[in-house]
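Just so you know, we're using the numbering used here here: the sequence shown kicks off at 2 and counts up by one.
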Amino acid sequence: MFKEYVGQDKLLKKRIFIFIIIFTAVEIADCAEKKTCEKPWRTFKNVCFMFSDTNTQKYEEAQAFCYKQGGFLASIRNSGEHGFIVKTIQGMGSSYQRVRWFIGLYQYEPKDNKAYRWLDGSVSGFRNWMTSQPNSVYERCAMLDGSNGFKWRDEVCNNRALFICRKDLDDSGSMNCFKGKPPPASILQKRGISVTECLEHCRGLGFPLAGLIPHNCFCLGKENLSNMKAASRLSCDGNCGNQHCGNKDFITIYNLTYYKDTAESCEDLSQLGFSSPSTYVTKVGDEEKLMNCFSGDGS
2 MFKEYVGQDK LLKKRIFIFI IIFTAVEIAD CAEKKTCEKP WRTFKNVCFM
52 FSDTNTQKYE EAQAFCYKQG GFLASIRNSG EHGFIVKTIQ GMGSSYQRVR
102 WFIGLYQYEP KDNKAYRWLD GSVSGFRNWM TSQPNSVYER CAMLDGSNGF
152 KWRDEVCNNR ALFICRKDLD DSGSMNCFKG KPPPASILQK RGISVTECLE
202 HCRGLGFPLA GLIPHNCFCL GKENLSNMKA ASRLSCDGNC GNQHCGNKDF
252 ITIYNLTYYK DTAESCEDLS QLGFSSPSTY VTKVGDEEKL MNCFSGDGS
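Quick look at the structure:
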């Protein structure tokens with residue numbers, strides 16, 4: 002009886018050992034296949050962040066630098082991303098922990114110091130302002146303030162600071178530039194339309210892609226790109242509400258797959274500068290629904 006028990010115990014241990022080896026091998030294989038951002042970018046989930054730790058720039062210069070590197074001045078869309086950024090800066094040494102860093106949040110309405118939106122078109126409502134901030138219509142660019150617990154503050158855009166860039170881990174990315182103009186499935190013409198409004202307009206109509214040139218928003222399907230030629234993103238140098246878009250020869254096309262956040266209400270959209278009557282996707286908690294906004298009936 003005792004010998005039988007010892008034999009079973011040895012067999013059990015052997016099976017456990019084999020299972021551990023197999024599990025470890027699978028983990029190693031998964032890690033080997035897991036894609037990471039190339040240096041000097043830092044990986045957080047499916048996003049890459051770059052910290053300009055020696056290069057201080059004015060806000061527009063920082064924006065242009067990030068764009069040339071394939072990204073944007075960083076949007077920070079949730080507490081997880083913010084925590085990663087803070088932890089990264091803290092790990093860079095004590096000399097970086099009390100300085101200020103520009104991020105991709107800017108005041109789009111000159112006379113309203115509460116009217117902020119992200120440069121990359123995200124409608125994320127995540128904010129981490131210091132108490133009493135933002136507080137000046139003359140300080141229109143947002144930054145992390147290391148001397149105040151990495152809370153956010155507004156700042157004069159012509160002042161110089163370190164900055165943080167963001168891009169997608171996936172090579173195809175959230176925005177690409179194409180030569181020419183696609184045959185639109187749907188088009189919205191509005192003077193000064195922002196990237197943010199165009200993206201959400203197309204999302205509400207059920208399209209996966211949104212194309213922009215100044216004053217024109219194209220809602221597209223992938224089939225609309227079949228006869229278009231990819232171009233360098235630097236060819237798309239237009240300005241749509243201080244956000245990147247195409248021009249008379251090129252068009253920027255944003256992929257809504259990379260934009261998971263949605264507004265909670267028509268009021269939230271209005272605070273981002275929206276005014277075009279349309280159907281928009283909104284979400285409260287896990288409940289997603291379509292809402293007709295700006296139709297003139299009080300919605």
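Glycine is no exception: its CB is placed at the ideal position from the N, C-alpha and C atoms.
Taking the C-beta atoms as reference points, Tyr259 is found no nearer than 9 Å to Cys158. Remark: three or more beta-carbon pairs, one from each stretch, lie closer than 8 Å, so the region 59-76 and the region 167-179 are flagged as touching. Nearest Cα to Gly222 within the set Ile214, Phe103, Pro278, Ile188: Ile188.
The three-state reading of DSSP puts Thr258 in helix, counting H, G and I together.
Under the rule that a run must span 4 or more residues, no alpha helix (DSSP H) segment is found entirely inside the region 121-171. Within the DSSP secondary-structure output, Ala232 pairs in a beta bridge with Cys178. Proximity of the region 76-94 to the region 243-251 falls short of the contact definition, fewer than three beta-carbon pairs being nearer than 8 Å.
The continuous beta strand (DSSP E) containing His245 extends over residues 244-246. Bounds of the beta strand (DSSP E) holding Ser53 are 48-58. Here Asn225 is buried. Its C-beta has 16 or more other C-beta atoms within 10 Å.
Taking all protein chains in view, the Cβ of Val196 is crowded by 16 or more other Cβ atoms within 10 Å, so the residue is classified as buried.
Beyond the five residues adjoining it in sequence on each side, Pro135 comes within less than 6 Å, by CB distance, of Asn114, Asp155 in the same chain, given in chain order.
Non-local beta-carbon contacts of Arg204 in its own chain, meaning distances under 7 Å to residues more than five positions away in sequence, involve Leu257, Val282 in chain order. Put simply, the backbone Cα of Ser173 is about 15 Å away from that of Gly212.
Contact annotation, Ala143 with Thr57: C-beta distance approximately 16 Å; criterion of less than 8 Å not satisfied.
Partner residues in the beta bridge of Met292, as assigned by DSSP, are Tyr281. Excluding its 5 nearest sequence neighbours in each direction, Gly239 has C-beta neighbours in its own chain below 7 Å: Ile214, Pro215, Cys246, Gly247, Asn248, listed in chain order.
Beta-carbon to beta-carbon, Cys178 and Cys237 are separated by about 4 Å, close enough to satisfy the 8 Å threshold. Between the alpha carbons of Leu106 and Lys35 lies a distance of about 30 Å. Under the 10 Å beta carbon count, Arg99 is surrounded by fewer than 16 other beta carbons and is classified as exposed. The secondary-structure analysis by DSSP pairs Arg43 across a beta bridge with Phe50. Non-local C-beta neighbours of Phe85 in its own chain, meaning closer than 6 Å and more than five positions away in sequence, comprise Phe45, ordered along the chain.
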